[in-house]
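Chemist:
2 protein chains.
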Amino acid sequence: MYIEKFGCDMRGMLSFLILFLLSKKPMYGEEIAAELEKRRGIKPKAGTLYPALKELKKNGLIKGEKKGKIIVYSLTPEGHKTAKYTKEYFCKCFGDVFKD
Amino acid sequence: MYIEKFGCDMRGMLSFLILFLLSKKPMYGEEIAAELEKRRGIKPKAGTLYPALKELKKNGLIKGEKKGKIIVYSLTPEGHKTAKYTKEYFCKCFGDVFKD
DNA sequence: AAGCATATATAGGATATCCAATATTGGACA
DNA sequence: TGTCCAATATTGGATATCCTATATATGCTT
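Protein chains in written order, with our numbering: chain V, 39 to 138; chain G, 39 to 138.
(1) In the DSSP output, which residue or residues are listed as bridge partners for Met65/V?
(2) Can you name the residues that DSSP bridges to Gly102/G?
(3) Would you tell me roughly how many angstroms separate the C-alpha atoms of Pro89/V and Ala71/V, rounded to the nearest one?
(4) Assuming Leu91/G contacts Ile100/G (C-beta within less than 8 Å), just tell me the rounded distance between them.
(5) Going by DSSP in three states, Arg49/V sits in which element: helix, strand or coil?
(6) Cβ of Gly50/G less than 8 Å from any chain V Cβ?
(7) Please look up how many angstroms separate the CB atoms of Arg78/V and Cys131/G, rounded, as I've assumed it's under 8 Å.
(8) What in chain G is Cβ-close to Lys130/V, meaning under 7 Å?
(9) For Gly79/G, does the three-state DSSP call read helix, strand or coil?
(10) Just the Cα atoms here: how many angstroms apart are Met51/V and Ile108/V?
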């Protein structure tokens, strides 16, 4: 796989992707993991995903609502605002990558 | 700045950005640094940029041609191929971030 | 030729990022 | 009620990523 040969697996984008996904609709852990797998080809392990969610919660960007066994995560108002700004930042950085 | 509050500075995308920039045109170090600053708001330090270039060169993706004081970097054939694949990967991951 | 600024380079270390392994929780269903 | 499974969670550590500080090289100006 060329990504591996490249030596850059685009680490550091996990939290951004999670925030972006939740900005589209609330999801629970396994849903998020499945969506990430569809995009990146790699499914984040539990020890990767949940600490990331915990950090986002700690920063007040997402909240978790318990629905029986699962926890549905969604953005807080602060999270929406941050998602908006980070998306703008992202577009400024990478906007023209898509125009090829 | 919201990126800081977010706690995600999108690390891990530096090499990808460099590869992408060089896929558009050959550049030397300071040119690359300036372009990165324009996009990210932060200019990479010498101790960040040159090791990254060295790694890309080691992997056979870029080559450096000395022109007096400066070194002009450009993609190798392998680098072009890798840029193409990484761009596709990138689009698969983040393609819909721009549709908002 | 000497001094200076710019460009490139390296070593060492701090932090971020992620995973493996393991633990816990809650519901389903016998 | 007890067992099983899926979902969530935590700890500890490995690696990636980047910066600070420092060093080297090259060309320009005087």
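Idealized CB from N, CA, C, for every residue including glycine.
Modeler: Put simply:
(1) Locating residue 65/V in the first sequence gives position 27, where the first residue counts as 1. Answer by DSSP bridge pairing, in chain order: Tyr111/V.
(2) Position 64 of the second sequence, counted from the first residue, corresponds to residue 102/G. In the DSSP output, where bridge partners are listed per residue, Gly102/G has Tyr111/G.
(3) Taking the first sequence and counting its residues from 1, one reaches residue 89/V at position 51. Taking the first sequence and counting its residues from 1, one reaches residue 71/V at position 33. Cα-Cα distance, rounded: 13 Å.
(4) Residue mapping note: residue 91/G aligns to position 53 of the second sequence, counting from 1. Residue mapping note: residue 100/G aligns to position 62 of the second sequence, counting from 1. Your pair Leu91/G and Ile100/G checks out as a contact, with CB atoms roughly 7 Å apart and the cut at 8 Å.
(5) Start at 1 with the first residue of the first sequence, and residue 49/V comes out as number 11. Correct three-state label for Arg49/V: coil.
(6) Counting from 1 along the second sequence, the entry for residue 50/G is found at position 12. The beta carbon of Gly50/G sits closer than 8 Å to some beta carbon of chain V.
(7) Residue numbering aside, residue 78/V sits at position 40 when the first sequence is read from its first letter. Residue numbering aside, residue 131/G sits at position 93 when the second sequence is read from its first letter. Correct: roughly 6 Å between the Cβ atoms.
(8) Against the first sequence, residue 130/V aligns to sequence position 92. Chain G residues near Lys130/V: Arg77.
(9) On the second sequence, position 41 is the one that residue 79/G refers to. DSSP, reduced to helix, strand and coil, places Gly79/G outside both helices and strands of the structure shown, so it counts as coil.
(10) Here residue 51/V refers to the residue found at position 13 of the first sequence. Here residue 108/V refers to the residue found at position 70 of the first sequence. Cα to Cα, Met51/V sits roughly 25 Å from Ile108/V.
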